[in-house]
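Colleague: Sharing a structure, written as structure tokens. Questions coming.
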Amino acid sequence: MRIHRIFTDQELQPEQAIELPEQTAHYLSRVLRVTLGQRVLVFNGDGFDYAADVSRLGRGELGLQVQARLPAAAESPLQLTLVQAISRGERMDLTLQKATELGVSAIQPVITVRTEVRLKAEKQKRRMEHWRRVLIASCEQSGRARIPELGEPIELWAWAQQEPGLSRVALLPGVSQSLASLAPGKGFELLVGPEGGFDDQELVMLKQHGIESASLGPRVLRTETAGPAAIAILQAIAGDLA
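Numbering of the sequence shown is given in the numbering used here, commencing with residue 8 and proceeding in unit increments.
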């Protein structure tokens, strides 16, 4: 029987009894149909999995008895931050989902001149909550026990002016340098533009800040495809994909 794996935003320790939030309890009991005594795995982002048994079932309530701390899937040795121009709805969700599955360390949404999605404060708060749920669901599915860091959306120029922690590369179609030819070092900050691409002033600004450019081959990829494709390439070369 497949062991279900779920996230909970609370401290976890062996020999600890915990109560799951109503939404998670409903999902386990009504959708996954767990039973008393059934073994599940829980994680909270601390890098471990925890084996736990269902100890109580009720209407909208579910209790677990944590039994043991377990090693989880290893994180990639390659540090990769995806700097992604915000795209619409499911496109952004797809990028976040696949980047997480492929082992990205952090995701920084950015706003460019041609970004079509403009988020006011309250809507941005709701969108951040939604994106975090996408990251958590991807970790649940993929076996990751650390959730990628998710930055608040910032303007492209503000990101470019930051002190870089890793080599920074903008993914641009048509340039001669390929991403696969770059020495990864500790890792990269990978910049992916919006659906309409960067405008000329943004390209000049990126160059002025020492941000390299690289291509992903002869075809022009959609904004939701480019980031995961780049992560997969780098993970295959120097990360944890065979």
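Glycine residues also receive a C-beta, built at the ideal position from the N, C-alpha and C atoms.
Start and end of the beta strand (DSSP E) containing Pro78?
Modeller: Position 71 of the sequence shown holds residue 78. Run containing Pro78: 68-78, per the beta strand (DSSP E) assignment.
Colleague: From Arg134, Lys105, Leu89, Glu129, pick the residue whose C-alpha is nearest to that of Gln115; which is it?
Modeller: As a position in the sequence shown, residue 115 is number 108, starting the count at 1. For Gln115, the nearest C-alpha among the options comes from Leu89.
Colleague: In angstroms, rounded to a whole number, what distance separates the CA positions of Ala237 and Gln148?
Modeller: Stepping through the sequence shown from its first residue, residue 237 is reached at position 230. Stepping through the sequence shown from its first residue, residue 148 is reached at position 141. Answer to the nearest angstrom: the Cα atoms are 21 Å apart.
Colleague: Check the DSSP bridge columns for Gly57 and list the partner residues they point to.
Modeller: Counting from 1 along the sequence shown, the entry for residue 57 is found at position 50. At residue 57 the sequence reads Tyr, which differs from the Gly that was named. Note: Tyr57 sits in a beta bridge opposite Val49, Arg76.
Colleague: Compare the Cα-Cα distances from Lys193 to each of Lys132, Gly172, Arg76 and report the closest residue.
Modeller: Mapped onto the sequence shown, residue 193 falls at position 186. Checked all of Lys132, Gly172, Arg76; the closest Cα to Lys193 is Gly172.
Colleague: Mind checking which residues open and close the beta strand (DSSP E) that includes Arg12?
Modeller: Locating residue 12 in the sequence shown gives position 5, counting from the first residue. Here the beta strand (DSSP E) through Arg12 covers 12-14.
Colleague: Ends of the alpha helix (DSSP H) at Gly234?
Modeller: Locating residue 234 in the sequence shown gives position 227, where the first residue counts as 1. Start and end: 230-245.
Colleague: Do Val199 and Gln72 have their beta-carbon atoms positioned less than 7 Å apart in this structure?
Modeller: One-based indexing of the sequence shown puts residue 72 at position 65. One-based indexing of the sequence shown puts residue 199 at position 192. No, they are not a contact pair.
Colleague: Decide if Lys127 is buried, meaning its Cβ has at least 16 other Cβ atoms within 10 Å, or exposed.
Modeller: The residue given as residue 127 occupies position 120 in the sequence shown. Its Cβ having fewer than 16 others within 10 Å, Lys127 is exposed.
Colleague: Tell me whether Arg140 sits in a helix, a strand or coil according to DSSP, three-state version.
Modeller: Along the sequence shown, read from residue 1 onward, the residue named residue 140 stands at position 133. Reduced to three states, the DSSP call for Arg140 is helix.
Colleague: Going along the chain, which residues of its own chain have a beta-carbon closer than 7 Å to the beta-carbon of Pro155, five neighbours each way excluded?
Modeller: Within the sequence shown, residue 155 is the residue found at index 148, counting from 1. Contacts found: Thr107, Val111, Ser112, Ala113, Ile114, Leu142.
Colleague: Looking only at its chain, what residues have a beta carbon closer than 7 Å to the beta carbon of Gln104, apart from the 5 residues adjacent to it on each side?
Modeller: For the purposes of this step, residue 104 is taken as residue 97 along the sequence shown, with counting starting at 1. Same-chain partners within the cutoff: Val141, Ser145.
Colleague: Quick one: residues in its chain with C-beta nearer than 6 Å to the C-beta of Leu35, no 5 flanking neighbours on either side, listed in chain order?
Modeller: In the sequence shown, the residue the question calls residue 35 occupies position 28. Val41, Leu69.
Colleague: Let me check understanding here. Comparing Cα to Cα, which of Gln168, Phe195, Gly54 lies closest to Glu209?
Modeller: Position 202 of the sequence shown, counted from the start, is the residue given in the question as residue 209. Ranking Gln168, Phe195, Gly54 by Cα distance to Glu209 puts Gln168 first.
Colleague: Would you report the Cα separation of Pro160 and Ser94, rounded to the nearest angstrom?
Modeller: Translated into the one-based positions of the sequence shown, residue 160 becomes position 153. Translated into the one-based positions of the sequence shown, residue 94 becomes position 87. Using only the alpha carbons, I get a separation of about 12 Å.
Colleague: In the DSSP assignment, find the beta strand (DSSP E) that holds Gln168 and state where it starts and stops.
Modeller: Mapped onto the sequence shown, residue 168 falls at position 161. It is not in any beta strand (DSSP E) - Gln168 instead sits in the alpha helix (DSSP H) that spans 163-168.
Colleague: Taking all protein chains shown into account, decide if Ser222 is buried (16 or more other Cβ within 10 angstroms of its Cβ) or exposed.
Modeller: Counting from 1 along the sequence shown, the entry for residue 222 is found at position 215. The residue is buried, with at least 16 neighbouring Cβ atoms inside 10 Å.
Colleague: Ordered along the chain, which non-local residues of its own chain (more than five positions away) have a Cβ less than 6 Å from that of Gln45?
Modeller: Within the sequence shown, residue 45 is the residue found at index 38, counting from 1. Excluding sequence neighbours, Gln45 sits near Val61.
Colleague: Considering just the uninterrupted stretch of the beta strand (DSSP E) at Gly172, what are its terminal residues?
Modeller: Along the sequence shown, one-based indexing puts residue 172 at 165. Neither: Gly172 is in no beta strand (DSSP E) and is coded neither H nor E.
Colleague: Taking Arg139 as the reference, give the member of Arg9, His11, Gly204, Thr15 with the closest Cα.
Modeller: Counting from one through the sequence shown, the residue named residue 139 turns up at place 132. Cα-wise, what sits closest to Arg139 is Thr15.
Colleague: Counting C-beta neighbours from all protein chains within 10 Å, is the total for Asp207 16 or more, i.e. buried, or is it exposed?
Modeller: On the sequence shown, residue 207 is found 200 positions in, with the first residue counted as 1. Asp207 should be labelled exposed.
Colleague: Would you list the one or two residues that DSSP bridges to Gly3?
Modeller: Given a span of 8 to 249 for the chain in the structure shown, any question on residue 3 remains unanswerable.
Colleague: Mapping the DSSP letters down to three states, classify Gly194 as helix, strand or coil.
Modeller: In the sequence shown, counting from the first residue as 1, residue 194 sits at position 187. Correct three-state label for Gly194: strand.
Colleague: For Ala24, which residues in the same chain have their Cβ closer than 6 Å to its Cβ, ignoring the five residues on either side in sequence?
Modeller: Translated into positions along the sequence shown, residue 24 becomes position 17. Cβ neighbours of Ala24 beyond the five flanking positions: Gln72.
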